[in-house]
Amino acid sequence: MGLEVRLHGSLLKGATLRFIPESYLGKAVQPALDTTDEYGQTTIAVTDVDLPDEQKGLIGAHLGVYKVEMTHPDRSIPPDYNAETIWGKRSLKIAQTCWR
26 MGLEVRLHGS LLKGATLRFI PESYLGKAVQ PALDTTDEYG QTTIAVTDVD
76 LPDEQKGLIG AHLGVYKVEM THPDRSIPPD YNAETIWGKR SLKIAQTCWR
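Shown next, in the form of structure tokens:
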């Protein structure tokens with residue numbers, strides 16, 4: 026799932042995004058995460074450790090409803106987008122997300 030991340034209109038390098046599945050989805054849908062590159066882009070994916078053997082090596086996230094959290098080592102992230110967020114996304118609809 027490719028994303029472009031912006032903060033206050035500027036591309037955000039080094040932001041970590043975590044997609045945390047809603048609890049009602051159970052253990053079948055695993056969290057996905059990644060860190061943005063120098064262009065503010067990232068590919069959210071479930072780590073191999075969290076995937077069944079037949080899915081190891083695949084890059085992507087399970088279809089589902091997620092709470093999206095963003096953190097950054099040097100920048101203050103507004104509460105709507107950090108670990109206090111109440112916002113969520115359906116992975117089926119995500120093509121590009123901009124945090125403004």
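The numbering used here applies: residue 26 is where the sequence shown begins, and numbers increase by one.
Beta carbons: idealized from backbone N, C-alpha and C, even for Gly.
Keep in mind it's a predicted model, so treat the numbers as computed, not measured.
**Prompt:** When you compare each of L32, K38, K92 to Y49 by their alpha carbons, which one comes out closest?
**Reply:** The residue labelled residue 49 in the question sits at position 24 within the sequence shown. Comparing Cα positions, the closest option is K92.
Exercise. Apart from the five residues just before and just after L42, which ones in its own chain have a Cβ nearer than 8 Å to its Cβ?
Worked result: The residue given as residue 42 occupies position 17 in the sequence shown. So the qualifying residues of the chain are L28, V30, L58, D59, T60, T61, T67, I69, V93, E94, M95.
### Query
Nearest-angstrom Cα distance between A53 and I84?
Counted from its first residue, the sequence shown places residue 53 at position 28. Counted from its first residue, the sequence shown places residue 84 at position 59. A53 and I84: Cα-Cα distance of roughly 16 Å.
Notebook entry, point to check: Taking the C-alpha atoms as reference points, what is the distance between L32 and I45?
Noted result: Within the sequence shown, residue 32 is the residue found at index 7, counting from 1. Within the sequence shown, residue 45 is the residue found at index 20, counting from 1. Going from the Cα of L32 to the Cα of I45 covers about 21 Å.
message = For S101, which residues in the same chain have their Cβ closer than 8 Å to its Cβ, ignoring the five residues on either side in sequence?
response = In the sequence shown, residue 101 corresponds to position 76, counting from 1. Here the set comprises nothing.
Q: May I ask you to list the residues that DSSP assigns as paired with S35?
A: Position 10 of the sequence shown, counted from the start, is the residue given in the question as residue 35. Per DSSP, L32.
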